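Residue numbers for the sequence shown follow our numbering, beginning at 191 and rising by one.
Just so you know, even glycine gets a beta-carbon here, dropped at the ideal spot from N, CA and C.
Every value quoted in this text rests on a predicted model; they were computed, and no experiment measured them.
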Amino acid sequence: ESRKLPVIIHARAAWSDAYRMVREVGIEKAIFHWFSGSDSVLKKIVRDGYLISATPAASYSLTHIKAIKLTPIESIIVESDSPVSYRGIVSDPSWAVKSLEAVAKIKGIRVEDLADRILENTCRIYGVKVYNR
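Shown next as structure tokens:
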């Protein structure tokens, strides 16, 4: 709490309940991991300044793809979800790039442009300064 780090929410099939609990206990910063819930819960997450994370499943999971389409880029970060297995292959940290590429395709923007914005989002949620590269 003293570091003001976000809470990572893993809530498969319980998005509404998870969102409600986050609000009830007053969590200020949260990342909803691999969000694939309803449009109404997603709107609340975005409205309240929370983020969703895009995983490699953004290349094939229809519910995850839909959520990413509906979420403003400012409310998305990417992750590898390592060491989870995707379609029989175990992911590793480098798979964050696969997530980034999938989000860029969904959003119809260049990977390089998206990478800059995702870096800003990630630094903002973790309270880290963005330095020029």
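| task | Locate the beta strand (DSSP E) running through V197, then write down its first and last residues. | result | Secondary structure note for V197: its beta strand (DSSP E) is the uninterrupted segment 197 to 199.
| said: Assuming the contact rule is C-beta atoms closer than 8 angstroms, Y209 and I235 should be a hit. Round their C-beta distance to whole Å, please. | reply: Sure, about 6 angstroms apart at Cβ, within 8 angstroms.
| message | For S226 and T253, which I take to be in contact (beta-carbon distance under 8 angstroms), what is that distance rounded to the nearest angstrom? | response | So it is a contact: roughly 4 angstroms between Cβ atoms.
| task | Please determine if the stretch 291 to 304 and the stretch 262 to 276 are in contact, where contact requires at least 3 C-beta pairs separated by less than 8 angstroms. | result | Short answer: they touch.
| message | On the DSSP letters alone, give me the boundaries of the beta strand (DSSP E) that I299 sits inside. | response | I299 -> no beta strand (DSSP E), and no H or E assigned at all.
| query | Y316: which of M211, V215, I221 sits nearest, CA to CA? | reply | In this structure, I221 is the residue among M211, V215, I221 with its C-alpha nearest to the C-alpha of Y316.
| said: By DSSP's criteria, I267 is part of a beta bridge. Which residues make up the other side? | reply: Beta-bridge annotation (DSSP): I267 is paired with S243.
| Can you give the Cα-Cα distance for R277 and S249, rounded to whole angstroms? | Cα to Cα, the separation comes out at about 11 angstroms.
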